[in-house]
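Beneath this line is the structure, given in structure tokens, with notes to follow.
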Amino acid sequence: MAKLKIKWVKSAIGFPERQKRTIKALGFTKLNSEVEHDDTPAIRGMITHVRHLVKWEVSE
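Here it is as structure tokens:
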């Protein structure tokens, strides 16, 4: 299964609480950190909700 490499690049300060919880649910603890998840529809949906705060790429 393909993996998604996700990097948190913009602070969530000033954005709705739901988006802050999504960032935390993705596993981020600090700005500019990276996490890796399996490429599933649930993770894609989470990325879509915070697409203005993260950058992502597909890796094998």
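When we follow the working numbering, the leftmost residue of the sequence shown carries the number 2, and every step to the right adds one.
By construction, the Cβ of each residue, glycine as well, lies at the ideal position given by its N, Cα and C atoms.
None of these values were measured; they are calculated from a predicted model.
Exercise for the section: Pull up the distance between the alpha-carbon of residue 61 and that of residue 21, whole angstroms please. Expected result: 28 Å
Problem - Delimiting residues of the alpha helix (DSSP H) encompassing residue 50 - result: 42-50
Exercise for the section: Grab me the residues of residue 36's own chain with a C-beta within less than 7 Å of its C-beta, minus the 5 sequence neighbours each way, in chain order. Expected result: 7, 27, 28 and 29
Exercise for the section: Pick out whichever of 33, 40 and 42 has its Cα sitting closest to the Cα of residue 56. Expected result: 33
Practice task
Taking residue 59 as the reference, give the member of 52, 40 and 53 with the closest Cα.
Solution key: 40
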